[in-house]
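K.L.:
Using our numbering, read the sequence shown as starting at 12 and increasing by one per residue.
Beta carbons are placed, not taken as given, at the ideal position from N, Cα and C, and that holds for glycine.
The structure under discussion is supplied below as structure tokens; questions concerning it will follow.
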Amino acid sequence: MGASITLAGESLIAQKHVAQQGLDVVRFIFANVPGLDPSGPVDRAAPKPAAGQIVHVYDIPGENAGYVNPNQVVYSSQIGSDIGDWDFNWIGLETAEGVLFAVAYVPLQIKRRNIPPLQIGNNLTRNFLVAFDGAQALTGITIDASTWQHDFTVRLAGIDERERLSNRDIFGRACFFGSSLQVEKVGSVYQVKPGTAYIDGIRLERTAALPIVPPAFPTTVWLDVALQREMSDVVASWQVVFGADKPDFTDSAGVRHYCVAIADLTNANTLIDRRSVEAISGPLVTHFAARIGDYEQLRARATTKDDVDLGNLPNAKSDSLELDDSESLATSKAVGKVWKSICVQTSNFAVNKVLTAAERGLVLVDASAAGRTITLPASNAALGVIDFIVRRTDNTGNRLVVQASGTDKIKFHTHLKASGYPFFILMGAGDYWHVRSDGAGNWWPIGRFDSTPLGRPVFETTTLFSPGGYGAFNGSELIRSEWPWTWDHAQQSEMLTTEAARVGMEGGWTSGDGVSTFRGPEGRAEFLRILDDTRGIDVGRKAGSRQKATGIQGFVGGDGSALFVGLSDMDATADGGVQPWNYYQQTGSGGVINSAPNRVHPRNIAYPGRIKLI
């Protein structure tokens, strides 16, 4: 493209200098000159084109003239889309005197008027810079051309690029808001979720899911993103592509493309998300203000507390309850552990109740109205280690069960059953158990009202039943499922017989009906004796066996002759009398004076007997 001041223009400049007059360029002339060579030099001596070749004349507003420097001035034409239609290849500047001042040859260009919906018009801006000594002074132009004389294509492209780079500084190479543009498989169909993301500073937004079809497996899913011209605008353009590697590239039109991997599809059933995700769901300022600091990176950058005006704060945190360090802060987890261990509160219940962690501490239960069941919380990791003290307040015979949740176990009488039992019984007013969870499905007894061993017989000085787990020492029948630990004790005691073999073994246990019951020892009105256990004095005795009483028979001669004594084994009858066994008589010369058998026993006191049932 050629451009030059004409000879007439050059002469006019000289004349104006001599006359000390101003040079006034007032209009643009656009013409379509047939056969004009835009690459050739301008014919400086040529006049204006013929009137039939002139397609448009544009009067230059005063504000459309500006100076670049003292020796350069520029004139601008701005023709809207309401003007047209015409083509041009020749541009000229004309002065107020009608002198053709400067000319430019250009390739044939078009100007169209906007005629909706038939035709989209275009705007036309042309700048003509003229350079000669003293140009600003001669033309009297006082407006700095830098305020308005732009090549808008270059200027807008620069704006777009600066915005992209600014976005990249904020969002990085790639930033996806939440699940935005995440690849997912719905049934047998792959799709990209809707949402917002920034790829190398270019903002992407999709309002609906986008179905995609992988060509083969394995493959990687990529976003190919660019700023593309669309009409008179530049917009974000993107598409989903597949391949092992997709570096950034510049296409044949000079547009830069940015490629970011968003998912790996190793096979038809495996999908790996490769997006850089931020949990952004609202304004960025709110998000940044609320987010947690990058403490690890602060340390990596050797940032000190004093650097951020926090020199008076400890510089570490800890979940430990044992750490003794003034430079470390206890976390809420550590505080929670302490709170669980020291917080004791009192709860009262007279109904069935499933306890919660919030009710840790002392639990008082009244079962006077009916049998009651208290269920402990599940001893899992969420519960952790907490304590309950469950205490009975009534003295009725109603059954009060404290049971573990689900498959949890209470670790008592583990000498009988290593896994423990699912429940225990509180018997009598004041009976209590203190249990502690381990967070792994178990409750461990820490203490209880009465720790007398299971199955032990004891004497009482009251006909009432003391609290702590005692039953009558009367050979009563028990249900195995209600007393599983007692049944386990009986089975392992080596004192268990069948119900049919009970006679003579009343001090032991029996298997009851053989299915669901068992029977405890009978100790009423009996003297208790320590088992011989191979000593050789009470030979042949079995643990739990009953021994017959021994009767003494006296014989006195009527003539005062010698006394004869006979012995026999005897059992008490149900009515309190005696039943002789192998009874015999011994007579002297005077005959039998007294042949009635007599039981012999020490002087004694009768106390109620009890047996420990739990």
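(1) Going by Cα to Cα distance, which pick from Thr497, Phe399 and Phe182 is closest to Trp444?
(2) Please return the same chain residues whose Cβ sits closer than 6 Å to the Cβ of Val469, not counting the five positions on each side in sequence.
(3) Can at least three beta-carbon pairs, one atom from the stretch 474-481 and one from the stretch 420-427, be found at a separation below 8 Å?
(4) Starting from Leu18, trace the alpha helix (DSSP H) in both directions and tell me its first and last residue.
(5) Among residues of its own chain, excluding the 5 on either side of Glu488, which ones have a beta-carbon nearer than 7 Å to its beta-carbon?
(6) Indicate the three-state DSSP secondary structure (helix, strand or coil) for Ile181 in the structure shown.
(7) For the beta strand (DSSP E) containing Pro411, name the first residue and the last one.
(8) Drop a sphere of 10 angstroms on the beta-carbon of Ile40, count the other beta-carbons inside from all chains shown, and report buried for 16 or more, exposed for fewer.
(9) Suppose you measure from the CA of Ser248 to the CA of Ser263; what does that come to, to the nearest Å?
(10) Check the C-beta distance from Asp155 over to Tyr78 and give it rounded, since I have them as a contact under 8 Å.
(11) Which residue spans inside the stretch 403-444 form an unbroken beta strand (DSSP E) run of at least 3?
(12) Find the nearest neighbour of Glu370 within the set Tyr618, Ile541 and Phe360, judged by alpha-carbon distance.
(13) Tell me the rounded alpha-carbon separation between Asp259 and Ser92.
(14) Does the pairing of the stretch 140-155 with the stretch 64-82 give three or more beta-carbon distances under 8 Å?
(15) Is it buried or exposed, Ala585, if we count other Cβ atoms within 10 angstroms and call 16 or more buried?
(16) Mark Ser22 as exposed unless 16 or more other C-beta atoms lie within 10 angstroms of its C-beta, in which case mark it buried.
(17) Whose C-beta lies closer than 6 Å to the C-beta of Leu135 among residues of the same chain, with five residues either side of it excluded?
(18) Looking only at its chain, what residues have a beta carbon closer than 6 Å to the beta carbon of Ser358, apart from the 5 residues adjacent to it on each side?
(19) Relative to the C-alpha of Glu537, which candidate in Gly486, Trp494 and Met506 has its C-alpha closest?
(20) Taking the alpha carbon of Pro388 as the reference point, which residue from Ser329, Met438 and Trp454 has its own alpha carbon closest?
(21) Relative to the alpha-carbon of Arg459, which residue among Gly450, Glu471, Gly439 and Gly452 has its alpha-carbon at the smallest distance?
(22) Below 8 Å on the Cβ atoms is my contact criterion, and I expect Gly450 with Gly395 to pass it. Report the Cβ-Cβ distance as a whole number of Å.
(23) Could you pull out every residue in the same chain whose Cβ sits closer than 8 Å to the Cβ of Asn82, ignoring the five residues on either side in sequence?
(24) Runs of 3 residues minimum, wholly inside the stretch 104-177: which ones carry the beta strand (DSSP E) assignment?
(25) Between which two residues does the alpha helix (DSSP H) carrying Gln558 extend?
(26) Please report how far the alpha carbon of Ala402 lies from the alpha carbon of Lys553, in whole angstroms.
(27) How far does the beta strand (DSSP E) with Asp468 in it extend, from its first residue to its last?
(28) Is the beta carbon of Val674 sitting closer than 9 Å to the one on Leu104?
(29) With a cut-off of 8 Å on the beta carbons, I'd call Val29 and Thr106 a contact; round off their distance for me.
(30) CA-CA distance, Arg124 and Asp98?
(31) Quick check on Ile223 - is its C-beta less than 9 Å from some C-beta in chain C?
P.N.:
According to the data block:
(1) Among Thr497, Phe399 and Phe182, the Cα nearest to that of Trp444 belongs to Phe399.
(2) Same-chain partners within the cutoff: Arg621.
(3) No, the stretch 474-481 does not touch the stretch 420-427.
(4) Where Leu18 is concerned, the enclosing alpha helix (DSSP H) stretches over Leu18 to Ala30.
(5) Excluding the 5 residues flanking it on each side, Glu488 has same chain C-beta neighbours closer than 7 Å at Gly523, Thr528 and Arg530, in chain order.
(6) Ile181: helix per DSSP, three-state reduction.
(7) Before going further, note that residue 411 is Leu rather than Pro in the sequence given. Note, Leu411: beta strand (DSSP E), Leu411 to Gln414.
(8) With 16 or more neighbouring CB atoms inside 10 Å of its own CB, Ile40 falls in the buried class.
(9) Just so you know, the alpha carbons of Ser248 and Ser263 end up roughly 16 Å apart.
(10) Cβ-Cβ separation between Asp155 and Tyr78: approximately 7 Å, consistent with a contact (criterion under 8 Å).
(11) For the stretch 403-444, whole beta strand (DSSP E) runs of length 3 or above, ordered along the chain, are 411-414 and 434-437.
(12) Comparing alpha carbon positions, the residue from Tyr618, Ile541 and Phe360 closest to Glu370 is Phe360.
(13) Linking Asp259 to Ser92 through their CA atoms gives a straight-line distance of about 38 Å.
(14) Note that the stretch 140-155 touches the stretch 64-82; at least 3 beta-carbon pairs, one per stretch, sit closer than 8 Å.
(15) Below a pLDDT of 50, predicted positions are generally treated as unreliable, and Ala585, at 49, falls in that range; the measurement from the model is reported next regardless. Ala585 counts as exposed, since fewer than 16 other C-beta atoms from the protein chains shown sit within 10 angstroms of its C-beta.
(16) Under the 10 Å beta carbon count, Ser22 is surrounded by fewer than 16 other beta carbons and is classified as exposed.
(17) Cβ neighbours of Leu135 beyond the five flanking positions: Ile90 and Lys122.
(18) For Ser358, where only same-chain residues beyond five positions count, the Cβ hits under 6 Å are Glu370 and Val374.
(19) Nearest in C-alpha terms to Glu537, of all of Gly486, Trp494 and Met506, is Gly486.
(20) Check the Cα spacing between Pro388 and each of Ser329, Met438 and Trp454: the tightest is with Trp454.
(21) Comparing alpha carbon positions, the residue from Gly450, Glu471, Gly439 and Gly452 closest to Arg459 is Gly439.
(22) Sure, about 5 Å apart at Cβ, within 8 Å.
(23) These residues qualify, in order along the chain: Ala142, Phe143, Asp144, Gly145, Ala146 and Gln147.
(24) Under the rule that a run must span 3 or more residues, the beta strand (DSSP E) segments found entirely inside the stretch 104-177 read 111-122 and 135-142.
(25) No residue range can be given for Gln558, since it is assigned to no alpha helix (DSSP H) and is classified by DSSP as neither H nor E.
(26) With the sequence shown as reference, residue 402 is identified as Arg, and Ala is not the correct amino acid for it. Distance from the CA atom of Arg402 to the CA atom of Lys553, rounded to whole angstroms, is 40 Å.
(27) Note that residue 468 is Pro in the sequence shown here, rather than Asp. Pro468 to Phe470 is the span of the beta strand (DSSP E), which, as asked, contains Pro468.
(28) A question about residue 674 goes unanswered here, because the residues of the chain that appear run from 12 up to 625.
(29) Actually they do not touch by this definition, with Cβ atoms about 16 Å apart.
(30) Cα to Cα, the separation comes out at about 12 Å.
(31) The structure shown contains no chain C; it is built from a single protein chain.
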